[in-house]
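Undergrad: Residue numbers (the working numbering): 41 to 450. One structure coming up, written as structure tokens, with questions to follow.
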Ligand SMILES: NC(=O)c1ccc[n+]([C@@H]2O[C@H](COP(=O)([O-])OP(=O)(O)OC[C@H]3O[C@@H](n4cnc5c(N)ncnc54)[C@H](O)[C@@H]3O)[C@@H](O)[C@H]2O)c1
């Protein structure tokens with residue numbers, strides 16, 4: 041049996057913890073894979089790694105343990121259940137041995153205040169930070185005799201960097217690393233280290249990650265698949281399904297107000313306006329890509345501590361039909377943030393391993409349906425994005441179209 045390493049940046053957070061609990065619980069038969077896209081057709085036709093092949097490790101900037109995070113989630117939110125948690129407790133304790141302290145460079149004050157471990161940047165140059173992260177990945181791979189390592193960013197959302205265009209080539213990015221450019225965001229250092237080591241990479245957050253021009257170029261040059269940004273799990277998923285209905289029926293949306301309230305650490309970090317900026321852009325961008333302008337499009341995100349991991353979204357859509365008739369639609373979405381996100385992290389790992397094994401390099405646009413802001417994809421209609429994944433799965437199942445670099449754009 042092959043062993044696949046999953047390196048989670050933000051390893052003690054809610055999504056990471058739920059992904060680890062879920063993988064072990066599904067692998068041991070304690071629960072079923074409901075919520076995982078790859079557990080249903082057409083992805084079941086593909087040859088994907090099984091969850092019991094997964095070995096977890098990661099970086100965080102907080103101390104504590106995955107087991108403590110899992111217990112807190114279980115007690116405060118009811119997910120995972122006490123029975124599921126007790127079945128995987130030993131596995132979680134073993135994972136803690138494989139978590140290293142990472143960097144919080146340019147992650148903003150909200151994250152810096154949370155960091156109770158000394159982050160790598162405290163006494164290292166940028167180049168030394170990168171070297172250390174590469175060493176951590178490498179040690180993980182060798183110590184666990186892994187056939188492949190996939191790096192997934194599930195760390196807190198960073199502020200949007202100024203002038204990301206200055207890192208538009210591999211040379212520019214590597215020069216910045218060598219000259220100790222301390223404007224580089226942590227997420228891109230983790231992404232660079234992954235791509236340079238040949239590890240597929242997914243960015244589940246709105247942070248910069250591998251979106252910089254220099255890192256996209258690096259992924260192509262090194263033949264490594266990657267994709268991002270920002271997992272599409274709740275309100276934004278519904279928007280991507282619903283907005284095409286208004287567009288298709290030529291109903292003119294005049295206003296779409298989306299108000300999200302959540303009470304977990306993610307919500308706490310997003311209270312800071314600088315950290316919130318990227319998330320708002322990514323949530324708002326879905327409608328811009330589907331509906332005809334002009335329309336009023338606003339997203340709010342507020343921290344409501346007592347809700348913990350239960351995120352509630354209330355959306356109000358004011359639209360116009362035939363004979364200028366004004367109508368409204370409202371919906372409320374109440375979801376367990378981590379239970380929605382974690383299975384998608386496992387899906388992304390399985391699909392990136394599949395792409396990597398077939399020599400696919402660069403951005404994996406067939407994974408667009410997983411993201412709010414899919415890199416280099418203009419198509420935001422959810423059903424069309426799903427179709428693209430189905431086409432990939434159909435081709436992959438027959439062996440057609442393998443070992444190619446995807447060159448198409450939307
Ligand atoms: N839950 C969802 O449905 C969803 C959907 C899309 C995107 N996201 C994004 O996923 C991310 C994780 O969400 P979560 O609910 O697990 O948050 P969380 O706050 O529970 O976990 C984040 C973890 O990242 C760690 N961290 C922060 N900065 C770090 C750094 N630079 N290096 C290493 N570790 C770092 C924190 O200490 C924490 O343990 C957030 O950016 C969130 O916006 C979540």
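In this text, a Cβ means the ideal position worked out from N, Cα and C, and glycines have one as well. Owing to the predicted nature of the structure, the values given are computational and were not obtained by experimental measurement.
Compute the Euclidean distance between the alpha carbons of residue 94 and residue 45, then round it to the nearest angstrom.
TA: So the two alpha carbons sit approximately 6 angstroms from each other.
Undergrad: My understanding is that residue 272 touches residue 96, with C-beta atoms under 8 angstroms, so please give their C-beta distance in whole angstroms.
TA: So it is not a contact: roughly 23 angstroms between Cβ atoms.
Undergrad: In terms of DSSP beta bridges, what is residue 241 paired with?
TA: 191, 266
Undergrad: Is the region 408 to 422 touching the region 108 to 116, taking contact as three or more C-beta pairs under 8 angstroms?
TA: no
Undergrad: Would you report the Cα separation of residue 99 and residue 180, rounded to the nearest angstrom?
TA: Roughly 11 angstroms separates the two Cα atoms.
Undergrad: Could you tell me if residue 249 is buried or exposed, where buried requires 16 or more neighbouring beta carbons within 10 angstroms of its beta carbon?
TA: buried
Undergrad: By the 10 Å Cβ neighbour count, where 16 or more other Cβ atoms means buried, how is residue 460 classified, buried or exposed?
TA: One cannot answer for residue 460 here, as it falls past the ends of the chain, which runs 41 to 450.
Undergrad: To the nearest angstrom, how far is the alpha carbon of residue 68 from that of residue 126?
TA: 12 angstroms
Undergrad: Keeping to the same chain, check which residues put their C-beta closer than 6 angstroms to that of residue 448; ignore five residues upstream and five downstream.
TA: Only weak support exists for where residue 448 lies, its pLDDT of 43 falling under 50; the coordinates are left without a value.
Undergrad: What residue range does the alpha helix (DSSP H) around residue 61 cover?
TA: Residues 54 to 67.
Undergrad: Which residues does DSSP pair with residue 295 in a beta bridge?
TA: 336, 358
Undergrad: Could you tell me which uninterrupted alpha helix (DSSP H) segments, each at least 4 residues in length, are contained entirely in the region 193 to 236, listed from first to last along the chain?
TA: 210 to 218, 226 to 236
Undergrad: Would you give the residue range spanned by the alpha helix (DSSP H) that residue 390 belongs to?
TA: 377 to 397
Undergrad: Is it right to say residue 420 is buried, meaning 16 or more other beta carbons lie within 10 angstroms of its own, or is it exposed?
TA: buried
Undergrad: Between the region 370 to 380 and the region 56 to 75, are three or more C-beta pairs nearer than 8 angstroms?
TA: Counting C-beta pairs with one atom in each stretch, the region 370 to 380 and the region 56 to 75 have three or more that are closer than 8 angstroms, which means they touch.
Undergrad: Sort 113, 229, 66, 309 by Cα distance to residue 174 and report the nearest one.
TA: For the residues 113, 229, 66, 309, the minimum Cα distance to residue 174 belongs to 229.
Undergrad: Among the residues of its own chain, which have a CB less than 8 angstroms from the CB of residue 121, if the five just before and after it don't count?
TA: 114
Undergrad: Could you have a look at residue 115 and say whether DSSP puts it in helix, strand or coil?
TA: helix
Undergrad: Since residue 149 contacts residue 312 with CB under 8 angstroms, what's their CB separation in whole angstroms?
TA: Contact between residue 149 and residue 312 is confirmed by a C-beta separation of about 7 angstroms, below the 8 angstroms threshold.
Undergrad: Compute every distance between the C-beta of residue 196 and the non-hydrogen atoms of ligand 1, then say whether any falls below 6 angstroms.
TA: yes
Undergrad: Can you tell me which of 88, 105, 371, 72 puts its alpha carbon nearest to the alpha carbon of residue 29?
TA: This structure cannot settle anything about residue 29, because the visible part of the chain is limited to 41 through 450.
Undergrad: Check whether the Cβ atoms of residue 302 and residue 347 lie closer than 7 angstroms to each other.
TA: yes
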